[in-house]
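2 protein chains.
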Amino acid sequence: MNMMKKNSLSVPVRQYTTKKLIGVPENETIQNACQKMVEFRIGSLVVCNKKVVGFFTQGDIIERVVATGLSYTEPVSKIMTRDLITADIDTPVYEVLELMQKHQIRHMLITEEAHITGLFSLKDLVDAERQFLETAISSE
Amino acid sequence: MNMMKKNSLSVPVRQYTTKKLIGVPENETIQNACQKMVEFRIGSLVVCNKKVVGFFTQGDIIERVVATGLSYTEPVSKIMTRDLITADIDTPVYEVLELMQKHQIRHMLITEEAHITGLFSLKDLVDAERQFLETAISSE
Numbered sequence: 081m082n083m084m085k086k087n088s089l090s091v092p093v094r095q096y097t098t099k100k101l102i103g104v105p106e107n108e109t110i111q112n113a114c115q116k117m118v119e120f121r122i123g124s125l126v127v128c129n130k131k132v133v134g135f136f137t138q139g140d141i142i143e144r145v146v147a148t149g150l151s152y153t154e155p156v157s158k159i160m161t162r163d164l165i166t167a168d169i170d171t172p173v174y175e176v177l178e179l180m181q182k183h184q185i186r187h188m189l190i191t192e193e194a195h196i197t198g199l200f201s202l203k204d205l206v207d208a209e210r211q212f213l214e215t216a217i218s219s220e
Numbered sequence: 081m082n083m084m085k086k087n088s089l090s091v092p093v094r095q096y097t098t099k100k101l102i103g104v105p106e107n108e109t110i111q112n113a114c115q116k117m118v119e120f121r122i123g124s125l126v127v128c129n130k131k132v133v134g135f136f137t138q139g140d141i142i143e144r145v146v147a148t149g150l151s152y153t154e155p156v157s158k159i160m161t162r163d164l165i166t167a168d169i170d171t172p173v174y175e176v177l178e179l180m181q182k183h184q185i186r187h188m189l190i191t192e193e194a195h196i197t198g199l200f201s202l203k204d205l206v207d208a209e210r211q212f213l214e215t216a217i218s219s220e
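As you go down the protein sequences, you meet chains L and R in turn. So the first sequence is residues 81 to 220, counted in my numbering. So the second sequence is residues 81 to 220, counted in my numbering.
What follows is the structure in structure tokens.
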């Protein structure tokens, strides 16, 4: 069983990476950014100024906006994370999970040739596992 | 491999359920509730009035508070989910995942003898999988 488990998480994170990165400009208001999260049903956004300059998650909004009482009309540049944590798209899933655990994050920006091109989230992994399981059950 | 996967998700959800439910009263302000989420590093809260009367997640705050421009000083009773979706603690994990997919939720309230006593989240499942993997690797 260990080998089975290990194999499924030894594949490159590429397999679970979504390329549908949604971005907002630095001067976008926090409220508008949250409307975008709702519209696209996503838990995070990248902030772009030609290239990716920041990133923030729903958890960041809770912590840095609502819990502290910051106005919704402030720009996302005020609350975005600037020190971006990334992993190359060929990194094995289990290494990415270890990095996410170390940094206590649920989303990892994925790079190809040093450019950010995708996102890996815990939700993506669980969704993939569930789909695998449903296929297994329906093929019996 | 299918069987391996399936076995790991056929166990009762009890195995992945946390009993550390954190609650707030109905008249708690949204801002204070978010401070509690940050303090306890959790993504959801139950709302209690002797028994559990509501539930909300970080995603609900984004959608029902920030995106709509609701004041942080409103009580959580204004935005909480009242129609609670629950699963019994002896339900197999894969059935709970199917229910979560159907309702498009990432957290499931867990009941024992019809009383809400715990919470199962996608994060709990991934954390458990990662720990299993680390044990498997370190025992080689």
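Cβ atoms here follow ideal geometry from the backbone N, Cα and C, with glycine treated the same way.
Assignment of beta-bridge partners to Ala167 of chain L by DSSP yields L:Ile190. By the criterion of a C-beta distance shorter than 7 Å, Ala208 of chain R is surrounded in its chain by Tyr96, once the five residues flanking it on both sides are discounted. Contact between the segment 126 to 143 of chain R and the segment 172 to 186 of chain L is not established, with fewer than three Cβ pairs separated by less than 8 Å. At a beta-carbon threshold of 9 Å, none of the residues of chain L lie near Glu175 of chain R; the nearest stands roughly 11 Å away. Not one beta carbon of chain L lies nearer than 7 Å to the beta carbon of Ala208 of chain R.
Residue pairing from DSSP places Thr137 of chain L in a beta bridge opposite L:Ser124. Below the 7 Å Cβ cutoff, chain L contributes Leu202, Lys203, Val206 as neighbours of Leu202 of chain R, in chain order. Per DSSP, reduced to three states, the secondary structure at Asn112 of chain R is helical. Interface residue (Cβ-Cβ distance to chain L less than 7 Å): Cys114 of chain R is classified as such.
The contact set of Glu143 of chain L on chain R, defined by CB atoms closer than 7 Å, consists of Val118 in chain order.
A distance of 7 Å or more separates the beta carbons of Val145 of chain R and Gly134 of chain R. In the DSSP annotation of this structure, the continuous segment of the beta strand (DSSP E) that includes Val104 of chain L starts and ends at 103 to 105. By the 16-neighbour rule on beta-carbons within 10 angstroms, Val91 of chain L is exposed. Per the coordinates, the alpha-carbon of Ile110 of chain R lies some 24 Å from the alpha-carbon of Leu202 of chain R.
His187 of chain R sits buried, since 16 or more C-beta atoms from the chains shown fall within 10 Å of its C-beta.
Neighbours of Tyr152 of chain L in chain R, taken as residues whose beta carbon is under 7 Å from its own, are Val146, Gly149 in chain order. Secondary structure of Ser151 of chain L (DSSP, three-state): coil. For Met180 of chain L, the CB contacts under 6 Å within the same chain, skipping 5 residues up- and downstream, are Met188 in chain order. Contact with chain L is absent for Gln95 of chain R, since none of that chain's Cβ atoms lies less than 7 Å from the residue's Cβ.
Per DSSP, Ile196 of chain L is one residue of the beta strand (DSSP E) stretching across 195 to 201. Going by DSSP, Met180 of chain L is part of the alpha helix (DSSP H) stretching over 173 to 183. In the structure shown, Val132 of chain R adopts extended strand secondary structure according to DSSP, grouped into three states. The beta-bridge partner set that DSSP reports for Thr97 of chain R is empty. Counting only the Cα atoms, Ile102 of chain R lies some 11 Å from Arg121 of chain R.
The Cβ atoms of Asp168 of chain R and Thr191 of chain R sit closer than 7 Å to each other. Residues of chain R whose Cβ lies closer than 9 Å to the Cβ of Ile190 of chain L do not exist; the shortest such Cβ separation is about 17 Å.
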